[in-house]
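To convert, take the position in the sequence shown, counting from 1, and add 359; that gives the working numbering. Structure, as structure tokens:
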Amino acid sequence: LFPSSSWAIDHPVEQTLLGVPIPVPDARYFLAGGLCAAVSHGITVPLDVIKTRMQAEPLKYANVQVAGAAKMIFEEESCSSS
Numbered sequence: 360l361f362p363s364s365s366w367a368i369d370h371p372v373e374q375t376l377l378g379v380p381i382p383v384p385d386a387r388y389f390l391a392g393g394l395c396a397a398v399s400h401g402i403t404v405p406l407d408v409i410k411t412r413m414q415a416e417p418l419k420y421a422n423v424q425v426a427g428a429a430k431m432i433f434e435e436e437s438c439s440s441s
């Protein structure tokens, strides 16, 4: 259907020479990518912090599961009103 030597979608110069419109970046892709990154980092970074703390201080978190370690970290490092 298309000759391989004259049809290259990924080359902007050939797109212009062939009269194929160059797609304009769409803000929806930017927003969707940002939202996905925020959600994925919001989930994985806290878990990674807990894992790293448990590995760095094994005696402190010896008899504690992940949820207990998360509670300990939150209680030690959260802001308190007192």
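Every residue, glycine too, gets a C-beta built ideally from N, C-alpha and C.
From A426 to S399, what does the alpha carbon distance come to, in whole angstroms? 19 Å
Taking all protein chains shown into account, do 16 or more other C-beta atoms lie within 10 angstroms of the C-beta of I402, making it buried, or fewer, making it exposed? exposed
With the cut-off set at 8 Å, would you say I428 and Y420 are in Cβ contact? Before going on, a small fix: residue 428 reads as Ala here, not Ile. In this structure, Y420 lies closer than 8 Å to A428 by Cβ.
Terminal residues of the alpha helix (DSSP H) in which D407 lies: A386 to A415
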